[in-house]
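Visitor:
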Amino acid sequence: MIKILRSKINGSITVPSSKSIMQRAIAISLLSNRKIILKNISFCEDSNNSINVIKKFGKKIIIDENNIVIDGKIEGIPNEINCGESGLCVRMFTPIISLFSKKIKVNGKGSILKRPVGFFESTLKELGVGFKCNNNFLPLEVKGPIKFNKCLVDGSISSQFLTGLLIALPNKKNDTIVEVKNLKSKGYIDMTLKIMKDFGVNILNENYKKFFINGNQKYKRDFYTIEGDWSSAAYFLVAGAISESIEVHGLNINSKQPDKNIINILKEVGANVEVGNEVVKVKKNELRAFTYDSSDSPDLFPVLVVLAAFCEGKSIIYGVNRLLYKESNRAKVIFEEFSKIGIKINIDGNKMEVFKSEIKNGFINTHNDHRIAMAAAIAGINSNTNIILDNKECVNKSYKMFWDDYKKVGGKIE
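So the working numbering is basically just the index in the sequence shown, starting at one, shifted up by 2.
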């Protein structure tokens, strides 16, 4: 439990590296026979889960300050991998381990056990992979190798499974065509393709409808720097807009990360935003309501609701349907828990309306959801006196140093 006290945010932080990029780079390292050094790493529960997966294949891991060295060929194929509570880990590694001619079980814990995996089945079977799961949920089991050269992916629930396929398929002998329908989060596919290209592997993307993948490609890069995380930065950038000011360092302004859109949103609502070389400064100003489709950047949704509560008028955020299969049913949790602290919210199908509100005292059940906890902490900056969260440790899933950074820039907690 943690108490968030009314405070003024003013200061400077450096964000952790992107867990989304780091997990993709770790997955690529599994399929590379080269020694790979990943620089500017930040550990969190999700990235640790991906590291544990490749260790199961005999990869040797050496941690040296802010670098991680991943060395060695695959020494053996495990019977089981465990992805903890990481949705990306499950969805990305399932097609990757389908390359191997062995039955492998994929398991996890906590909220991941409530997130559907049955939608993998039709695609993997089209590729000749054996698949079974527990009534649409983990644990699941795959039996490779990938035998066939064409498949269809439904991207309506998540793009992460497609990410895993794109990383895996260049490693098979033959070329593959992946057809895609209803793709969400296209920005994350752009990010995946950019990282793959950085490692020497290219895929032809035909308007996100078809991907043409040449076989027998090799991941060839030896060094890779993990850029700063825009998802983590968004919380503090919003804090600067609703409190006093903030300076966030370590950000790639040309990043493919979808959550970089937070800059455009803050400019639209009227915050003073200054973008420099790997730094963004935000200062408080009169804020006006906004309309934004968060379908391609669903992780921004909770903190955008908080931002909207400080904007004059009615803000509309689309993409509610993308929140159903997160660490919690995030749409339901946002409505129920943020309403407790005075945020006026209305859900109408795929859109959420948020009205300017006065933040009041209240108790929030985070539902063990890191993004709910961090967004609530930002709302608490301007509460009447305090907001109490039932769980402070859940932020470790993505941002282990969140509370330290929060205090560093003036956030008060007990």
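Using N, Cα and C, we set each Cβ at its ideal position, and we do this for glycine too.
Is the beta carbon of A311 closer than 9 Å to that of F337?
Guide: Here residue 337 refers to the residue found at position 335 of the sequence shown. Here residue 311 refers to the residue found at position 309 of the sequence shown. No, the pair does not count as a contact, with Cβ atoms beyond the cut-off.
Visitor: For D246 and N12, which I take to be in contact (beta-carbon distance under 8 Å), what is that distance rounded to the nearest angstrom?
Guide: Position 244 of the sequence shown holds residue 246. Position 10 of the sequence shown holds residue 12. In the sequence on display, residue 246 carries Glu and not Asp. Rounded, the Cβ-Cβ distance is 4 Å, consistent with contact.
Visitor: Pick helix, strand or coil for N50, following the three-state DSSP scheme.
Guide: Position 48 of the sequence shown, counting from 1, holds the residue named residue 50. In the structure shown, N50 sits in a helix (DSSP, three-state: H, G or I).
Visitor: For K181, tell me which candidate among K196, C153, K174 has the shortest Cα-Cα distance.
Guide: One-based indexing of the sequence shown puts residue 181 at position 179. Note on residue identity: the sequence assigns Glu, not Lys, to residue 181. If we check each option's Cα against that of E181, C153 comes out closest.
Visitor: Out of M24, N384, H369, N352, which one is the CA nearest neighbour of K41?
Guide: By 1-based counting over the sequence shown, the position of residue 41 is 39. Minimum Cα distance to K41 is reached at M24.
Visitor: Smallest Cα separation from P260: which of A291, D295, N274, K5?
Guide: On the sequence shown, position 258 is the one that residue 260 refers to. Ranking A291, D295, N274, K5 by Cα distance to P260 puts D295 first.
Visitor: Should S44 and S9 be called a contact, given that it needs their Cβ atoms to be closer than 9 Å?
Guide: Within the sequence shown, numbered from 1, the residue matching residue 44 stands at position 42. Within the sequence shown, numbered from 1, the residue matching residue 9 stands at position 7. In this structure, S9 does not lie closer than 9 Å to S44 by Cβ.
Visitor: With H, G and I counted as helix, E and B as strand and the rest as coil, what does DSSP make of H369?
Guide: Residue 369 sits at position 367 when you count from the first residue of the sequence shown. Reduced to three states, the DSSP call for H369 is coil.
Visitor: Could you tell me the distance, in whole angstroms, from the CA atom of A27 to the CA atom of H372?
Guide: Against the sequence shown, residue 27 aligns to sequence position 25. Against the sequence shown, residue 372 aligns to sequence position 370. Roughly 23 Å between the two C-alpha positions.
Visitor: Assuming the contact rule is C-beta atoms closer than 8 Å, V155 and C135 should be a hit. Round their C-beta distance to whole Å, please.
Guide: Start at 1 with the first residue of the sequence shown, and residue 155 comes out as number 153. Start at 1 with the first residue of the sequence shown, and residue 135 comes out as number 133. Their Cβ separation, rounded to whole angstroms, is 17 Å, which puts V155 and C135 out of contact at 8 Å.
Visitor: Just checking my contact of K342 with I366 at CB under 8 Å: how many whole Å lie between their CB atoms?
Guide: Working through the sequence shown from its first residue, we reach residue 342 at position 340. Working through the sequence shown from its first residue, we reach residue 366 at position 364. Indeed they touch by this definition, with Cβ atoms about 6 Å apart.
Visitor: Can you tell me the Cα-Cα spacing of A375 and L391, whole angstroms?
Guide: For the purposes of this step, residue 375 is taken as residue 373 along the sequence shown, with counting starting at 1. For the purposes of this step, residue 391 is taken as residue 389 along the sequence shown, with counting starting at 1. Whole-angstrom Cα-Cα distance: 7 Å.
Visitor: Could you tell me the distance, in whole angstroms, from the CA atom of N151 to the CA atom of K174?
Guide: Taking the sequence shown and counting its residues from 1, one reaches residue 151 at position 149. Taking the sequence shown and counting its residues from 1, one reaches residue 174 at position 172. Their backbone Cα atoms lie some 10 Å apart in a straight line.
Visitor: Does Y210 have its Cβ less than 9 Å from a Cβ in chain B?
Guide: Absence of chain B from the displayed structure is noted, only one protein chain being present.
Visitor: What residue range is occupied by the uninterrupted alpha helix (DSSP H) comprising D295?
Guide: On the sequence shown, position 293 is the one that residue 295 refers to. Segment 293-295 is the beta strand (DSSP E) holding D295; no alpha helix (DSSP H) there.
Visitor: Nearest to S34 by alpha carbon, out of D48, F59, K21?
Guide: Position 32 of the sequence shown, counting from 1, holds the residue named residue 34. Checking every option, the nearest Cα to that of S34 belongs to F59.
Visitor: CA-CA distance, K414 and M403?
Guide: Residue mapping note: residue 414 aligns to position 412 of the sequence shown, counting from 1. Residue mapping note: residue 403 aligns to position 401 of the sequence shown, counting from 1. So the two alpha carbons sit approximately 15 Å from each other.
Visitor: So who's on the other strand from R26, going by DSSP bridges?
Guide: Position 24 of the sequence shown, counted from the start, is the residue given in the question as residue 26. Answer is none; R26 lacks a bridge partner.
Visitor: Pull up the distance between the alpha-carbon of I38 and that of F133, whole angstroms please.
Guide: What you label residue 38 is simply residue 36 of the sequence shown in a count that begins at 1. What you label residue 133 is simply residue 131 of the sequence shown in a count that begins at 1. Straight-line Cα distance between these residues: approximately 31 Å.
Visitor: How would you call N51, buried or exposed, if buried means at least 16 neighbouring beta carbons within 10 angstroms?
Guide: Stepping through the sequence shown from its first residue, residue 51 is reached at position 49. Looking at its Cβ environment, which holds 16 or more other Cβ atoms inside 10 Å, N51 is buried.
Visitor: Count Cβ pairs between the segment 90-98 and the segment 160-172 that sit closer than 8 Å; are there 3 or more?
Guide: A contact exists between the segment 90-98 and the segment 160-172.
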